[in-house]
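Asks: Protein chains in written order, with this note's numbering: chain A, 1 to 358; chain B, 359 to 502. We treat Cβ as the ideally placed atom computed from N, Cα and C, and that holds for glycine.
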Amino acid sequence: MTVDNLINWFPFGTEWPVLTFVTAVIICALPVFLFIAVYALVAIYAELKISSFMQDKVGPMGQGVGLHAWKFGILQPVADALKLILKEDIIPDLADKKLFVMAPFIVFVGAFISFAALPFGQNIIIADMNIGIFYILAVGSLSVIGIILAGWSSNNKWSLYGGMRSAAQIISYEIPAGLSIISIVMLTGTLSMQGIIEFQSGTIWGVLPNWIIFNNPFSFIAFFIFFISGVAECNRTPFDIPEAESELVAGAFTEYSGMRYAFFFLSEYAEMFVISAIAVTAFLGGWNSPISGFMNSSGWGVFWFMLKSLSLIFLMIWFRWTLPRLRVDQLMSICWKVFLPFSLVNIFGVGIWSLLVG
Amino acid sequence: MYRDFGTIFLFILIGIVLVYVPLLIQRLVAPKNDTPDKLSTYECGEESEGSAWVQFNIRFYVIALIFLIFDVEVVFLFPWAVVFKDLGLLAFVEMSIFLLILIVGLAYVWKKGDLDWVKYRVKYAHGRYRKAITEKEGKTVGTP
Numbered sequence: 001m002t003v004d005n006l007i008n009w010f011p012f013g014t015e016w017p018v019l020t021f022v023t024a025v026i027i028c029a030l031p032v033f034l035f036i037a038v039y040a041l042v043a044i045y046a047e048l049k050i051s052s053f054m055q056d057k058v059g060p061m062g063q064g065v066g067l068h069a070w071k072f073g074i075l076q077p078v079a080d081a082l083k084l085i086l087k088e089d090i091i092p093d094l095a096d097k098k099l100f101v102m103a104p105f106i107v108f109v110g111a112f113i114s115f116a117a118l119p120f121g122q123n124i125i126i127a128d129m130n131i132g133i134f135y136i137l138a139v140g141s142l143s144v145i146g147i148i149l150a151g152w153s154s155n156n157k158w159s160l161y162g163g164m165r166s167a168a169q170i171i172s173y174e175i176p177a178g179l180s181i182i183s184i185v186m187l188t189g190t191l192s193m194q195g196i197i198e199f200q201s202g203t204i205w206g207v208l209p210n211w212i213i214f215n216n217p218f219s220f221i222a223f224f225i226f227f228i229s230g231v232a233e234c235n236r237t238p239f240d241i242p243e244a245e246s247e248l249v250a251g252a253f254t255e256y257s258g259m260r261y262a263f264f265f266l267s268e269y270a271e272m273f274v275i276s277a278i279a280v281t282a283f284l285g286g287w288n289s290p291i292s293g294f295m296n297s298s299g300w301g302v303f304w305f306m307l308k309s310l311s312l313i314f315l316m317i318w319f320r321w322t323l324p325r326l327r328v329d330q331l332m333s334i335c336w337k338v339f340l341p342f343s344l345v346n347i348f349g350v351g352i353w354s355l356l357v358g
Numbered sequence: 359m360y361r362d363f364g365t366i367f368l369f370i371l372i373g374i375v376l377v378y379v380p381l382l383i384q385r386l387v388a389p390k391n392d393t394p395d396k397l398s399t400y401e402c403g404e405e406s407e408g409s410a411w412v413q414f415n416i417r418f419y420v421i422a423l424i425f426l427i428f429d430v431e432v433v434f435l436f437p438w439a440v441v442f443k444d445l446g447l448l449a450f451v452e453m454s455i456f457l458l459i460l461i462v463g464l465a466y467v468w469k470k471g472d473l474d475w476v477k478y479r480v481k482y483a484h485g486r487y488r489k490a491i492t493e494k495e496g497k498t499v500g501t502p
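Here you go:
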């Protein structure tokens, strides 16, 4: 645990325990924020470039006065960020101003505090709670409140429709995601993120890594249910009906501009990382190496964790640029009529499997 | 334990500060010249028509109700899942009964058609709904 390590490492830890604790948490929190910001810049750039390759169109090539010489449009995300911070901050006259201002805070804080419980490596987890995965699922749904506040407070029809759709979608897809996680917890018998990863060390029959996705057929299905529900919870295409550009302008974020909009954007990318990280932790062995005993030290753990998470994010981007948007009734019926029954069956399946097989 | 949740509490505070600081920076560097048109509600360039705070479809309410039931179920399942392996068959059977009751509820909602976003099964259908039902099911439905 990073916070505990830092506290032990401080020379004056026993004299001012509260001060030491606060300092330790701040030292942990700032790198997390930096990580989110840098990762979002990289992800935006990757999204532009990957979409260009996939759809055979021209991506960013160079950016800005005097910076044009830079190759491959690497500064495009930086230019985007600069543009967002230089934009005029507009709060519509008719908006409910308090709620309008509050919404980005709630959405971002909800995404940000999930990072506190993500196991980046063997020893790198800011708060190794015994209810880790439950906490992340609970906190992850905070963003619904922010989005619905944004939609409601804008006093704009597009925003209201987007916000309501978004809320309906996120809360619906939370059920299959939660039930899939339950089928994992039944196997591991712990809610702690590190505990779940430690359960997955070693191999099955000396060949496959002992990841939960390979543990039994039901958890194999559970992974797909969880991941697809996760993509839907992030409001990504093909599930981006809440902010469908061609029908709802920008959904709940229509009236937002400048930094306030940037924080919604940032939180969307942060949520993507959180979903991928949960999927990696719960199903793909977390920081365990895919080949047992190969590059399995604590330093490489961070590498494997990042590699797996970023691959899943690549998958999400791939979805976005190859699949068309679902219709709203299709979206809801997939959730309630396909994923929910399947994830209930999964729970029975995992139960019977672990009673019979062990 | 208190350290873990203390960390989370501080994370919330730090998160709020981290949103607030860029907003302050923006206030310093960004231009600020409001005009009434700029501050009006965006409706694709048209003048906005009435308030947006209107009634919306009750289907959202139904979804929220179903969600509530199943979310509570998920919360009940978590502690059971943690100790499931220690308790074995008895716990599994007990939880199966609990789940089956909920599955019966799901089946009922499904049969009622509340999971359909667009409901065709209206008892006394008018106009295009009536036409859609008769085309879909090939039978006539009751009249008001």
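#1: Could you give the DSSP three-state label for A:L284: helix, strand or coil?
#2: Go ahead and label A:Q55 buried or exposed: buried means 16 or more other beta carbons lie within 10 angstroms of its beta carbon, across all protein chains shown.
#3: Starting from B:I421, find everything on chain E with Cβ-Cβ shorter than 8 Å and list it in chain order.
#4: Can you give me the start and stop residues for the alpha helix (DSSP H) that A:W158 sits inside?
#5: Just to confirm, are B:I374 and A:I113 a CB contact at a threshold of 8 Å?
#6: Grouping DSSP H, G and I as helix and E and B as strand, with all else coil, what is A:I204?
#7: Could you tell me the alpha carbon to alpha carbon distance between A:F342 and A:F33, rounded to whole angstroms?
#8: Looking at the structure shown, is B:P437 part of a helix, part of a strand, or coil, going by DSSP?
#9: Is A:P324 helix, strand or coil by DSSP?
#10: In angstroms, rounded to a whole number, what distance separates the CA positions of A:S267 and A:K98?
#11: What first and last residue would you give for the alpha helix (DSSP H) that runs through B:P394?
#12: By Cβ distance, which residues of its chain are closer than 6 Å to A:A69, with the 5 residues on each side in sequence left out?
#13: Can you give the beta carbon distance from A:I181 to A:L137, rounded, assuming they're within the 8 Å contact cut?
#14: Straight-line CA distance for A:I7 to A:P31?
#15: Below 8 Å between beta carbons is the criterion; list the residues of the stretch 248 to 277 of chain A that meet it against any residue of chain B, in chain order.
#16: Within 8 Å of any Cβ in chain A, is that where the Cβ of B:G373 sits?
#17: Please state whether the Cβ-Cβ distance between A:N155 and B:S454 is less than 8 Å.
#18: Three Cβ pairs or more, each shorter than 8 Å: is that satisfied between the stretch 238 to 248 of chain A and the stretch 70 to 80 of chain A?
#19: Spell out whether any CB of chain A is found under 8 Å from the CB atom of B:K469.
#20: With a threshold of 7 Å (Cβ to nearest heavy atom), would A:S166 be considered close to the ligand FAD?
#21: Could you give the residue range of the alpha helix (DSSP H) that holds B:K469?
#22: Between B:Q413 and chain A, is the shortest Cβ-Cβ distance under 8 Å, so that the two count as touching?
#23: Measure from the C-beta of B:L435 to each C-beta in chain A and report whether the shortest distance is under 8 Å.
Replies: In short:
#1: Position 284 of the first sequence holds residue 284 of chain A. Coil.
#2: As a working note, residue 55 of chain A is residue 55 in the first sequence. A:Q55 comes out exposed.
#3: Within the model displayed, chain E is absent; protein chains A and B are what it includes.
#4: Taking the first sequence and counting its residues from 1, one reaches residue 158 of chain A at position 158. Start and end: 157 to 188.
#5: The residue you call residue 374 of chain B lines up with position 16 of the second sequence. The residue you call residue 113 of chain A lines up with position 113 of the first sequence. Result no, Cβ atoms of B:I374 and A:I113 do not sit closer than 8 Å.
#6: By one-based count along the first sequence, residue 204 of chain A stands at place 204. Strand, per DSSP.
#7: As a working mapping, residue 342 of chain A is identified with position 342 in the first sequence. As a working mapping, residue 33 of chain A is identified with position 33 in the first sequence. Put simply, the backbone Cα of A:F342 is about 37 Å away from that of A:F33.
#8: Indexing the second sequence from 1 puts residue 437 of chain B at position 79. Helix.
#9: Indexing the first sequence from 1 puts residue 324 of chain A at position 324. In this structure, A:P324 counts as coil in the three-state DSSP scheme.
#10: Working through the first sequence from its first residue, we reach residue 267 of chain A at position 267. Working through the first sequence from its first residue, we reach residue 98 of chain A at position 98. If you take the alpha carbons of A:S267 and A:K98, they lie about 20 Å apart.
#11: Within the second sequence, the letter at position 36 stands for residue 394 of chain B. Taken as a continuous stretch (DSSP letters only), B:P394 belongs to no alpha helix (DSSP H), as it is neither H nor E.
#12: Locating residue 69 of chain A in the first sequence gives position 69, counting from the first residue. Confidence is the limiting factor: at A:A69 the pLDDT is only 49, short of 50, which leaves the residue's position unreliable, though a coordinate-based value still follows. Excluding positions up to five away in sequence, the list is empty.
#13: Your numbering for residue 181 of chain A matches position 181 in the first sequence. Your numbering for residue 137 of chain A matches position 137 in the first sequence. Indeed, because the Cβ distance is near 6 Å, the residues count as touching under 8 Å.
#14: Along the first sequence, read from residue 1 onward, the residue named residue 7 of chain A stands at position 7. Along the first sequence, read from residue 1 onward, the residue named residue 31 of chain A stands at position 31. Their Cα atoms are separated by approximately 17 Å.
#15: V249, T254, E255, G258, M259, R260, A262, F263
#16: The residue labelled residue 373 of chain B in the question sits at position 15 within the second sequence. Yes, its Cβ sits closer than 8 Å to a Cβ of chain A.
#17: For the purposes of this step, residue 155 of chain A is taken as residue 155 along the first sequence, with counting starting at 1. For the purposes of this step, residue 454 of chain B is taken as residue 96 along the second sequence, with counting starting at 1. No; because the gap between Cβ atoms is not below 8 Å, this pair is not in contact.
#18: no
#19: Numbered from its first residue, the second sequence carries residue 469 of chain B at position 111. Closer than 8 Å: no.
#20: You won't find the ligand FAD in this model; it holds no ligand whatsoever.
#21: Translated into the one-based positions of the second sequence, residue 469 of chain B becomes position 111. 447 to 470 is the extent of the alpha helix (DSSP H) around B:K469.
#22: The count along the second sequence starts at 1 and reaches residue 413 of chain B at position 55. False, the Cβ-Cβ gap to chain A never drops below 8 Å.
#23: Within the second sequence, the letter at position 77 stands for residue 435 of chain B. It does; some Cβ of chain A falls within 8 Å.
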